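Here the structure comes first, spelled out in structure tokens, and everything after it is commentary.
Number of protein chains: 2
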Amino acid sequence: MTPLNALDLVPAALEGNRRALARLLTAVEDRADGCDQALAALFPHTGRAWRIGVTGAPGTGKSTLVTALARHYRAEGRTVGILAVDPTSPFTGGAILGDRIRMRDLAGDPGVFIRSLAARGSLGGLSTATSDLARALDACGYEIVLIETVGAGQNEVAVAAMAQTTIVVEAPGLGDEIQAIKAGILEIADVLAVNKADHPGAPQAVRALRTMIETGHPASRASLVGHHGRLIAAPAAETGGPLWVPPILETVATSGRGVAELANAIERHRLHLVGAGELTAIERQQIVLELLNRMRDRLVARVLSQLPDDALSEAAASVQFRETDPAAAVEQLIARAGWPDAEAVPS
Amino acid sequence: MTPLNALDLVPAALEGNRRALARLLTAVEDRADGCDQALAALFPHTGRAWRIGVTGAPGTGKSTLVTALARHYRAEGRTVGILAVDPTSPFTGGAILGDRIRMRDLAGDPGVFIRSLAARGSLGGLSTATSDLARALDACGYEIVLIETVGAGQNEVAVAAMAQTTIVVEAPGLGDEIQAIKAGILEIADVLAVNKADHPGAPQAVRALRTMIETGHPASRASLVGHHGRLIAAPAAETGGPLWVPPILETVATSGRGVAELANAIERHRLHLVGAGELTAIERQQIVLELLNRMRDRLVARVLSQLPDDALSEAAASVQFRETDPAAAVEQLIARAGWPDAEAVPS
Chain A
20 MTPLNALDLV PAALEGNRRA LARLLTAVED RADGCDQALA ALFPHTGRAW
70 RIGVTGAPGT GKSTLVTALA RHYRAEGRTV GILAVDPTSP FTGGAILGDR
120 IRMRDLAGDP GVFIRSLAAR GSLGGLSTAT SDLARALDAC GYEIVLIETV
170 GAGQNEVAVA AMAQTTIVVE APGLGDEIQA IKAGILEIAD VLAVNKADHP
220 GAPQAVRALR TMIETGHPAS RASLVGHHGR LIAAPAAETG GPLWVPPILE
270 TVATSGRGVA ELANAIERHR LHLVGAGELT AIERQQIVLE LLNRMRDRLV
320 ARVLSQLPDD ALSEAAASVQ FRETDPAAAV EQLIARAGWP DAEAVPS
Chain B
20 MTPLNALDLV PAALEGNRRA LARLLTAVED RADGCDQALA ALFPHTGRAW
70 RIGVTGAPGT GKSTLVTALA RHYRAEGRTV GILAVDPTSP FTGGAILGDR
120 IRMRDLAGDP GVFIRSLAAR GSLGGLSTAT SDLARALDAC GYEIVLIETV
170 GAGQNEVAVA AMAQTTIVVE APGLGDEIQA IKAGILEIAD VLAVNKADHP
220 GAPQAVRALR TMIETGHPAS RASLVGHHGR LIAAPAAETG GPLWVPPILE
270 TVATSGRGVA ELANAIERHR LHLVGAGELT AIERQQIVLE LLNRMRDRLV
320 ARVLSQLPDD ALSEAAASVQ FRETDPAAAV EQLIARAGWP DAEAVPS
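Protein chains in written order, with my numbering: chain A, 20 to 366; chain B, 20 to 366.
Quick look at the structure:
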């Protein structure tokens, strides 16, 4: 709980008060009092930022590349918000990587706002919180929002579902064994960056990626569809617009080599989405996914808030002793929480 | 849809009819007609199997090790069910790894039942389906259920939450860069296997793991707690029983070296859980997590089933045009789906 209600922080944050913004982001992340109202008040001010997801395996130099991109945008006079999603264990909350020191170079710049998020584990919350924070930065005038995630798993997928341009960062020499991880992550890439391009294996890594893209890459972003059965049709298929083939850029984030070209590729992707008329459809899909995520979290929170503290544990005991099967236990909990007519709903 | 109702398959499956079991598992995975009733009918027969999760990065030889463990248990006369959770992209459903060929060695054995599952993506379903299939194998008399997952992300966590013993498989030579992934996965390990132990880097890998465990490993499984704020207390802390320090085993799955020792470590872990009185508390926690997962899926399915097909897409449009903020849109959808008193619930 913050001493102030989160809503009270909104006017100052919108006027550019960094301290108010920092407290507001904390309130949003902690789901403190007034945070839904604060987000509702911020919401009409959103829609101006370009959200760029940056993801890839550990060791690729993502954080350094995010820093280099931020410097590039600052040199162009654009303001930059950075959300770094820490790859913490969902069990312990302990951070794994500690290599964000370079980001501190940007810390004195009033046109940059950096925030690390703790991953919240499989019980949800990460993607909703990340969306909310990205929207808050957008509302408060940050023109570029860079969202960095680590690893190969659901996190990147969640980030691709909230970024307009997703950059997948690779690096030479990480071993063939993680190619399998890469294959999964490639599907969400709008732009590929082979970082550490001054290392000997770089041309080989570029060739391997090129082959993977030429042989197997689906029409970019069209694959966001199908994620949930009863949603909406694929924009690429509907508009018949030109396909976007993810370009492969070589970068050396530590020296800045290739960073301008990377920013240029991001801009070309933005122009492609706007020009092909895909942006609206993609955003619509992203919002559908976001609403489903929020609904999931909200519904469980609502059920739990309507039940006595020990109801869940009692239900688990009943399952454990084989008195109730899990599906029936869940229906009973939902009914107890006051949502009638469970039986009337088809399974 | 299967031609038969899933419930009709239960008696034959319980009597050991493999074809009935295969169809039943498919019906459960597809959420076909009668599958909830079938699971309810199977449920009283569960509780005899020991569920072993086997996880680790690609390239560690997990599938081969699972096969070797299955052979070991078969030689002891125990029946074995294997669930292999494919590391498919949540977007495309395309499988990444194809190295389960060795498992076919077991395919002619009537005491072994193998099933691959497609991962269902971030919109849920994987862990619930995996639990359901594991329970079905348990009910139908498989004494050991091996659950194999790939990667470093939420999947392993989900599997650790449904296995009684979780084995994390490592291998030498995968590069220091993935140590960061390993650190996260180590927290769920009850037993560590350094596979490919005939490779030169094996002693070094064992040493590195030993250091990580000695310096940082939390009391085994106590960390399952804290996953959700209002659940239950840590069993280790409550019982004051002896801590389990994950043993590190060297294996060469292709030759079978170390596999008997690995099975022995699994058995020692089982005896530890039983002896320390932790098994009941851990199972209770696992069931709580499972009920929350099921509740999440069930509630969203219920809301969607109560809404017109275009309600979600209309709500997304309203958010996209900045007429409604996302949290308000979700509340409106829930209210429209017939759950009253949304306002009465604290946020």
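Note that the Cβ used here is the ideal one computed from N, Cα and C, for glycine as well.
Keep in mind it's a predicted model, so treat the numbers as computed, not measured.
Taking only beta-carbon atoms, is residue i less than 7 angstroms away from chain B?
i	result
Glu302 (chain A)	yes
Leu33 (chain A)	no
Phe62 (chain A)	yes
Arg315 (chain A)	yes
Arg341 (chain A)	yes
Pro345 (chain A)	yes
Trp69 (chain A)	no
Trp358 (chain A)	yes
Ala59 (chain A)	yes
Leu43 (chain A)	no
Between which residues of its own chain and residue i is the CB-CB distance below 8 angstroms, once the five residues before and five after are set aside?
i	result
Gly80 (chain A)	Val188, Ala190, Asn214, Lys215, Ala272, Thr273
Leu136 (chain B)	Glu48, Leu102, Ala103, Val104, Asp105, Leu145, Ala148, Thr149, Leu152
Lys289 (chain A)	The sequence given here places Arg at residue 289 (chain A); Lys does not occur at that position. The residues are Trp69, Gln183, Thr184.
Gln223 (chain A)	Pro191
Would residue i pass as a contact of residue j if the rule is Cβ separation under 7 angstroms?
i	j	result
Trp358 (chain A)	Trp263 (chain B)	no
Ile166 (chain A)	Ala182 (chain A)	yes
Leu26 (chain B)	Gly53 (chain B)	yes
Leu211 (chain B)	Ile267 (chain B)	yes
Met373 (chain A)	Val349 (chain B)	Any question about residue 373 (chain A) goes unanswered here, given that chain A covers just 20 to 366.
Ile306 (chain B)	Ala335 (chain A)	yes
Thr65 (chain A)	Arg154 (chain A)	yes
Arg341 (chain A)	Pro63 (chain B)	yes
Val322 (chain A)	Ala354 (chain A)	no
Ala158 (chain A)	Leu61 (chain A)	yes
Leu318 (chain A)	Leu318 (chain B)	yes
Given residue i, which residues of its chain have a CB within under 6 angstroms of its CB, disregarding the five upstream and five downstream residues?
i	result
Ala179 (chain B)	Gly72, Thr185, Ile207
Arg97 (chain B)	Glu162, Ile163
Pro129 (chain A)	none
Arg50 (chain A)	none
Tyr92 (chain A)	Val99, Ile163
Ala284 (chain A)	Val210, Pro266, Leu268
Between residue i and chain A, is there a C-beta pair that is closer than 7 angstroms?
i	result
Ile306 (chain B)	yes
Ala334 (chain B)	yes
Ala348 (chain B)	yes
Val73 (chain B)	no
Asp55 (chain B)	yes
Leu211 (chain B)	no
Val338 (chain B)	yes
Return the chain-ordered list of same chain residues with a C-beta closer than 7 angstroms to the C-beta of residue i, the five sequence neighbours on each side being excluded.
i	result
Asp151 (chain A)	Val47, Leu58
Leu23 (chain A)	none
Gly160 (chain B)	Gly35, Thr98
Glu269 (chain A)	Val213, Ala216, Ala221, Val225, Gly277
Ala39 (chain B)	Leu28, Ala31, Ala32
His291 (chain A)	Trp263
Leu84 (chain B)	Val73, Val188, Ala212, Asn214, Thr270, Ala272
If you count every other CB in all the chains shown that lies within 10 Å of the CB of residue i, and 16 or more means buried, which is it?
i	result
Pro345 (chain B)	buried
Asp316 (chain B)	buried
Gly100 (chain A)	buried
Gly127 (chain A)	exposed
Ala94 (chain A)	exposed
Glu297 (chain A)	buried
Thr230 (chain A)	exposed
Three-state secondary structure (DSSP) at residue i?
i	result
Ser324 (chain A)	helix
Leu23 (chain B)	coil
Phe132 (chain A)	strand
Ile186 (chain A)	strand
Gly72 (chain B)	strand
Gly78 (chain A)	coil
Ala212 (chain B)	strand
Val264 (chain B)	coil
Arg303 (chain B)	helix
Ile232 (chain A)	helix
Ala295 (chain B)	coil
Glu48 (chain B)	helix
Ala356 (chain A)	coil
Ile163 (chain B)	strand
Ala103 (chain B)	strand
Got a sec: does the ligand GDP put a non-hydrogen atom nearer than 6 angstroms to the Cβ of residue i?
i	result
Ala335 (chain A)	Among the components modelled here there is no ligand, and therefore nothing to report on the ligand GDP.
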